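Here's the structure, in structure tokens; my notes come after.
Next up, the structure:
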């Protein structure tokens, strides 16, 4: 009897082990009445050999099933009819080992008017590094830390900032005058040095140390109610080495290489737009791993391609975000990126995307932008590019390596761009030394950098803490320093004026003044940019639109300079007896009688409204 029971038990165990099991499906849900209605379901589980998949509804149609060599996965192509209702649809998976059923949800689309707004030169983007900005929920600080190798609060360790902290500071950001927030990635990073967020181990879930998907959705909706837009930091190029795909690759072509056998990216981004580049140079950028802990995805695989596109759409639809900043843009297969961007912008025409192209040469940057003036085999469909060319010039000026002529010359090369106003202009971010570090605490140089970013052309981006002169350089952990007052135990709270020191308030007041002037005057945001060759370390430029003309003067000379201001007033104005010149920084009204002997103070930034 015991033998019979043992025999039955063993056979039952074998049968159960061979049965189809489903652990999850990605995307976890979709929406009815969505224009992207042919979706790929990536099914995780076991024993999908020769599986057949059927739907119980004619409005949710299984069109194709692909079973890779790794039968722990199957891919199910589904067509969603425009008559499909928001409800659960039963999918039946069957093969010789049995039958398994799974309910897949279609949700009702519930987009509000303030979702998917895009961003433009009307905006100012405030870049947040969440782990170092504000800790709004200390209860999640030590969750999910089994893979972390650095101590809490160390340079390379987590510090506890989170989504709730960002929600708590939305009023501060609104008061400052920024209109959009770009947060670096928030997805699960169960990784070595996980705080930076750029090595995802789950592409559909927020890291629990930052919060939850629902909290991120609340962050977006709360920001929208306050008139702030949200830009999502997306990574199509790679994932983290601890993603479950590494131990269990869905297909043989899912990655470029393996952890044991792959090439490293050589970072020669020029080769992607170089007319003479050998294909091997392009491949080393496209297929090389960014680091050994960031496996390179193969977007040429149709299932990888579909997965990434759907994942992007899912986050846009789920959260209501307004734009995307695409990390390591040149390192991804460029034909895929073109398809990816076009798909997104066709679905969400008001949306916007900025690609990170870390190259300091305008002609190279220009070739990545949509409608490029240069010959290319295909259109990138990428509206906005990061302007590292002007970033390098501003930093060289602030650090004393170059004078204002370099900035003038870089702006003078804007003719290479299809749309210079669609450049993200900045002088620091989470990967570069902070502006105050570059300026060696020279307040004039630092303020000049802020002025150039906020008042020339393009879409301005400022890094959290720039508005109070946060310093840091030489190490990512110092660049991404804590915002004072964002963390328990901080001795002062720089979110409050009363806690900031004199220098911090000086920089804050200067920055907020520029941001509010930008909001007040359409000429600053959208006006024609005209500049004049620097002379004796004096750089003058102006912004004009309709009957608005605003002149900016940056005097890097140790001496006051006498200029004929009437020389710079033109096109829309004639100098008359009733011409009014107003100093927008001080509010002073200046006499038009002295325009030809106008004094620009030494080491100063002056802004004049001509009325």
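In the numbering used here, the protein residues as written are 662 to 1272.
Here a beta-carbon is modelled for each residue, glycine too, at the ideal position from N, C-alpha and C.
The structure presented is a predicted model; accordingly, all values stated were derived computationally and were not measured.
- Contact check between the segment 1159-1176 and the segment 867-877: fewer than three CB pairs, one atom from each, fall below 8 Å, which does not count as touching.
- Here the alpha carbon of residue 1222 sits roughly 46 Å from the alpha carbon of residue 857.
- Contact between residue 980 and residue 881 holds: CB atoms are separated by about 5 Å, below the 8 Å threshold.
- Membership of residue 725 in the beta strand (DSSP E) is indicated by the continuous run 721-727.
- Scanning its chain for C-beta atoms nearer than 6 Å, with the 5 sequence neighbours on each side dropped, one finds around residue 766 the residues 690, 749, in chain order.
- Distance from the Cα of residue 708 is smallest, within the candidate group 1261, 732, 760, for 732.
- Around the beta carbon of residue 727, a 10 Å sphere encloses fewer than 16 other beta carbons of the protein chains shown; the residue is thus reported as exposed.
- The C-alpha of residue 1125 is placed about 27 Å away from the C-alpha of residue 1080.
- Taking every protein chain shown into account, the CB of residue 1035 has fewer than 16 other CB atoms within 10 angstroms, so this residue is exposed.
- With distances taken between CA atoms, residue 898 lies nearest to 1001 out of 851, 883, 1001.
- The residues 917, 924, 957, in chain order, have a CB closer than 7 Å to that of residue 948 in the same chain once the five nearest residues on each side in sequence are set aside.
- For residue 978, the uninterrupted alpha helix (DSSP H) segment begins and ends at 963-980.
- Taking all protein chains shown into account, residue 1179 has 16 or more neighbouring C-beta atoms within 10 Å of its C-beta and is therefore buried.
- Considering only 1049, 1122, 1094, the residue with the shortest C-alpha distance to residue 1136 is 1094.
- Between residue 701 and residue 964 the beta-carbon gap is near 7 Å, inside 8 Å, which marks them as a contact.
- DSSP places residue 1165 inside the alpha helix (DSSP H), whose first and last residues are 1163-1181.
- With respect to the 8 Å criterion, residue 900 and residue 861 are classified as neighbours on the basis of their beta carbons.
- In the displayed model, residue 1070 falls within a helix according to three-state DSSP.
- Taking 8 Å as the cut-off, the beta carbon of residue 740 is found closer than this to the beta carbon of residue 699.
- For residue 825, the enclosing alpha helix (DSSP H) stretches over residues 824-829.
- Under the three-state reduction of DSSP output, residue 799 falls in the helix class.
- In this structure residue 1123 does not touch residue 982 by the C-beta definition: roughly 20 Å separates them, more than the 8 Å allowed.
- In the DSSP assignment, residue 692 falls within the beta strand (DSSP E) that extends over 690-692.
- Counted as a single uninterrupted DSSP element, the alpha helix (DSSP H) harbouring residue 998 occupies residues 995-1008.
- Beta-bridge pairing by DSSP links residue 1046 to 1016, 1084.
- Distance check between residue 757 and each of 679, 1043, 814 places 679 closest, using alpha-carbon atoms only.
- Linking residue 879 to residue 1264 through their CA atoms gives a straight-line distance of about 45 Å.
- Here the alpha carbon of residue 787 sits roughly 8 Å from the alpha carbon of residue 834.
- Residue 781 is positioned such that its CB atom lies closer than 8 Å to that of residue 1120.
- By the C-beta criterion, the segment 819-838 is judged to be in contact with the segment 1169-1185, since at least 3 inter-stretch pairs fall below 8 Å.
- Non-local beta-carbon contacts of residue 1190 in its own chain, meaning distances under 7 Å to residues more than five positions away in sequence, involve 1117, 1118, 1202, 1204 in chain order.
- Judged by DSSP in its simplified three-state form, residue 1226 adopts helix.
- Pairing residue 997 with residue 966 gives a Cβ-Cβ distance under 8 Å.
- Here residue 1130 carries a coil assignment [DSSP, helix/strand/coil].
- Excluding sequence positions up to five before and after residue 888, its CB lies within less than 8 Å of the CB of 835, 840, all in the same chain and listed in chain order.
- The bridge partners DSSP lists for residue 924 come to none.
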